[in-house]
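J.: Residue numbers for the sequence shown follow the numbering used here, so the first one is -4 and each next one is one higher. We treat Cβ as the ideally placed atom computed from N, Cα and C, and that holds for glycine. As the structure is a prediction and not an experimental result, all values here were calculated from the model. Have a look at the structure that comes next, please.
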Amino acid sequence: MRRRGFLKALLTFFGTVSLASFAYPLVRFFAPPSSSAVNEKVVLAKQEIPIGGSKVIVFNDKPAIVINVPGKGLIALSKVCTHLGCLVEYDKDKNRLVCPCHAGTYDLQGNVISGPPPKSLPKIPLRVDGEQIIIG
Ligand code: FES
-4 MRRRGFLKAL LTFFGTVSLA SFAYPLVRFF APPSSSAVNE KVVLAKQEIP IGGSKVIVFN
56 DKPAIVINVP GKGLIALSKV CTHLGCLVEY DKDKNRLVCP CHAGTYDLQG NVISGPPPKS
116 LPKIPLRVDG EQIIIG
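Okay, structure coming up:
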């Protein structure tokens, strides 16, 4: 009798743990994203991005890139390609952003130069305040 009770309690425990491990991801999938991730601000030090340099950041839970374009100043762009969502890479030597998936290319203002992307990379508002770059 004690053995039967122990096995029943053990099965109940593992059954509950198994059910929870399936239910939690389902609930997270269908739950709306938290609103705290929207309209965040990212602050960088100006010296982190020298002229011609760049820095990859996460803005509103998505990858973005801040580039100090020679002669034009700082710009922040989404890194998510507008074709199928691959992440573009900054090609410093050719002064462009290149998508590795289908060879889409963008200029350093985010405009499409060639390839399948249907529209420009979204720009992210940015301002310089003293020695800080405030993105968002
Ligand atoms: S996903 Fe970037 S060109 Fe296709």
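Here's the rule I'm using: 16 or more other beta-carbon atoms within 10 Å means buried, otherwise exposed. How should Val61 be labelled?
T.: Val61 is buried by the Cβ-count criterion.
J.: Between the alpha carbons of Leu82 and Val53, how many angstroms are there, rounded?
T.: So the two alpha carbons sit approximately 12 Å from each other.
J.: With distance defined between alpha-carbon atoms, name the residue in Pro111, Ile130 and Glu126 nearest to Lys118.
T.: Of the candidates Pro111, Ile130 and Glu126, the one whose C-alpha sits nearest the C-alpha of Lys118 is Ile130.
J.: Given the structure, does Leu156 come close to the ligand FES, in the sense that its CB is under 7 Å from one of the ligand's heavy atoms?
T.: Nothing can be reported for residue 156, as the shown portion of the chain is limited to -4 through 131.
J.: For Arg91, which residues does DSSP report across the bridge?
T.: Arg91 pairs with Asp86.
J.: Could you tell me if the beta carbon of Pro120 falls within a distance shorter than 7 Å of some heavy atom in the ligand FES?
T.: Checking every heavy atom of the ligand FES against the Cβ of Pro120, none is found closer than 7 Å.
J.: Confirm the yes/no value for this check: CB of Pro117, any heavy atom of the ligand FES, distance under 7 Å.
T.: Result no, Cβ not under 7 Å from the ligand FES.
J.: Based on Cα-Cα distance, which residue from Ala40, Ser73, Ser16 and Thr7 lies nearest to Lys114?
T.: When only C-alpha atoms are compared, the closest one is Ser73.
J.: In the DSSP output, what is Lys118 paired with across the bridge?
T.: Partner(s): Leu72.
J.: DSSP on Pro20, reduced to helix/strand/coil?
T.: Pro20 falls in the helix class under three-state DSSP.
J.: Taking 7 Å as the cut-off, is the beta-carbon of Leu92 closer than that to any non-hydrogen atom of the ligand FES?
T.: No.
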